[in-house]
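Residue numbers (this note's numbering): 1 to 332. Glycine included, each C-beta is placed from N, C-alpha and C at the ideal position. Note that this is a predicted model, so its numbers are computed, not measured. Beneath this line is the structure, given in structure tokens, with notes to follow.
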Amino acid sequence: MSTITTILYQRRWWIFTVVAIIGFTLFTGEFKEAQTTAILASTLRQSTPLLLGALCGMLGERSGVINIGIEGQMLMSAFTGFMVAAETQNLLLGVLAGIATGMLMGASLAGLSVSLQGDQIIAGTVLNIAALGVTSFFFQQGYTLPGKTPKIDLWFLADIPVLGRVFFSNRPLTYLSLLLVPTVWYALFRTTWGLRTRAVGEHPSAAETVGISVAKMRYLNLILGGAIAGLAGAYLSLEAVGSFERNMTNGKGFVALAVMIFGRWNPVGAWGAALLFGYTNAIQTQFQFRGWLTDHPQFVGMIPFVVTIIVLAGVVGRARPPAAIGQPYSRE
């Protein structure tokens with residue numbers, strides 16, 4: 001067989017999956033441009049918080065710290081971002097407040113798991129429970145925003161059929177999340193900081209012997225990851241919904257962990273996985289619009305979570321996490 005034929009044969013299941021998704025999307029959109037564009041645009045919107053959550057978890061786990069608290073970081077950031085924006089009537093201040101909240105929670109996780117060397121799973125769980133309790137207790141109805149972040153069309157690119165309206169006609173936090181994919185990839189795999197991050201995540205003792213501070217690198221990564229999780233929370237309350245609701249993250253932080261693992265701790269892979277999970281959410285919505293399986297709404301609602309289980313059970317087994325993940329480190 002020729003080289004091209006060999007590659008196509010080796011990638012046959014991926015090709016089949018892509019063709020099946022395209023065919024199902026066209027069928028669901030009734031082979032009309034407007035409906036198909038709506039499904040793909042919804043896929044991108046649904047994937048954005050998952051992508052940001054996955055990037056947050058990736059920075060922590062690449063440095064050797066498990067971050068189960070992404071859900072809490074996103075929820076608390078959504079709350080503070082909304083409250084600050086509502087009080088000041090300034091969306092930019094709300095976004096900055098959300099990012100600062102995520103960074104503070106990332107520093108808290110670092111304090112519990114790095115300085116105190118506590119169990120990382122329990123530390124993340126504590127953040128989730130605390131965020132749910134605090135936001136539910138302090139949130140009061142009656143606050144309103146001056147609006148959502150404005151939609152921005154990128155020149156002639158927005159006029160491209162289908163894909164132009166999907167990728168080049170979005171709101172600012174969506175563009176920022178897309179820019180983070182190549183930025184984090186370059187930082188992780190092409191910079192000294194990335195090399196040190198991966199070193200402390202694989203062999204912390206070896207990294208320490210060449211002068212790399214494991215504790216500082218883990219603190220730095222968890223705080224940077226917290227900033228990205230804060231951006232995800234601000235996206236939910238200030239860009240996607242335009243308000244705050246109790247437990248509005250609704251498990252997105254946990255699905256983001258599956259996205260990160262499915263993407264094999266790589267930003268580009270995580271983006272592809274986030275789009276897959278976002279697509280399942282978009283299809284779920286289309287089922288409801290068209291009245292398909294409306295007699296069994298629970299079945300339709302569990303589609304994203306069924307995909308999560310299938311991915312974790314069928315694909316994740318072949319993914320290799322950083323070697324020192326979840327292991328507290330102390331200088332001997």
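| Query | Result |
| --- | --- |
| Reduced DSSP secondary structure (H/G/I, E/B, other) of SER243 | coil |
| Residue span of the alpha helix (DSSP H) that contains LEU52, given as start and end | 33-62 |
| Span separating the alpha-carbon of THR5 from that of GLY225 | 42 Å |
| Rounded separation between ALA130 and TRP13 - CA only | 43 Å |
| Separation of PHE289 from PHE31, as counted between CA atoms | 16 Å |
| Cβ-Cβ distance between THR28 and ILE283 below 8 Å | yes |
| Alpha carbon of ALA215 to alpha carbon of ILE325, nearest angstrom | 14 Å |
| Counted within 10 angstroms of its Cβ, other Cβ atoms place VAL65 as buried (16 or more) or exposed | buried |
| Coarse secondary structure for ASN128, derived from DSSP in three states | helix |
| As assigned by DSSP and simplified to three states, the class of SER177 | helix |
| Beta-carbon contacts of ILE121 that lie in its chain and below 7 Å, excluding the five residues immediately before and after | ILE66, ILE68 |
| Burial state of THR80 (16 or more Cβ within 10 Å) | buried |
| Cβ distance (whole Å) where LYS148 is taken to contact ASN170 below 8 Å | At roughly 12 Å, the Cβ-Cβ gap does not stay under 8 Å, so LYS148 and ASN170 are not in contact. |
| Nearest to GLN73 (by Cα), restricted to the options SER115, LEU52, LEU220 | LEU52 |
| With 16 other Cβ atoms within 10 Å as the buried cut-off, status of ILE15 | exposed |
| For ASP153: DSSP bridge partner residues | SER169 |
| Burial state of TRP271 (16 or more Cβ within 10 Å) | buried |
| Within 8 Å, strictly: CB atoms of SER47 and THR197 | no |
| Residues near LEU26 in its chain [Cβ-Cβ closer than 8 Å; skip 5 each side] | THR36 |
| Residue-chain proximity (ARG165, chain C), Cβ-Cβ < 8 Å | Judged by its chain identifiers, the structure shown contains no chain C, having just a single protein chain. |
| Secondary structure of ALA324, DSSP reduced to three states | coil |
| Limits of the alpha helix (DSSP H) - the one that MET248 falls within | It is not in any alpha helix (DSSP H) - MET248 carries neither H nor E in the DSSP assignment. |
| Beta-carbon proximity list for ALA158, same chain, < 6 Å, skipping 5 on both sides | GLY164, PHE168, SER169 |
| ILE39 burial status per 10 Å Cβ neighbour count (16 or more: buried) | buried |
| Counted within 10 angstroms of its Cβ, other Cβ atoms place GLU33 as buried (16 or more) or exposed | exposed |
| Beta-carbon proximity of ILE70 to ALA256, cut-off 8 Å | yes |
| First and last residue of the uninterrupted alpha helix (DSSP H) at GLN284 | 267-290 |
| Proximity winner among GLY278, GLY23, LEU44, SER243, relative to VAL166 (alpha-carbon distances) | LEU44 |
| Integer Cβ distance of PRO49 from TYR235, believed to fall under 8 Å | 6 Å |
| Span separating the alpha-carbon of ALA206 from that of VAL114 | 17 Å |
| For TYR235, the first and last residue of its enclosing alpha helix (DSSP H) | Here TYR235 belongs to no alpha helix (DSSP H), and DSSP marks it neither H nor E. |
| 8 Å contact criterion, which GLY233 and SER77 should meet: CB distance rounded | 3 Å |
| Alpha-carbon spacing of ALA54 relative to MET260, whole angstroms | 5 Å |
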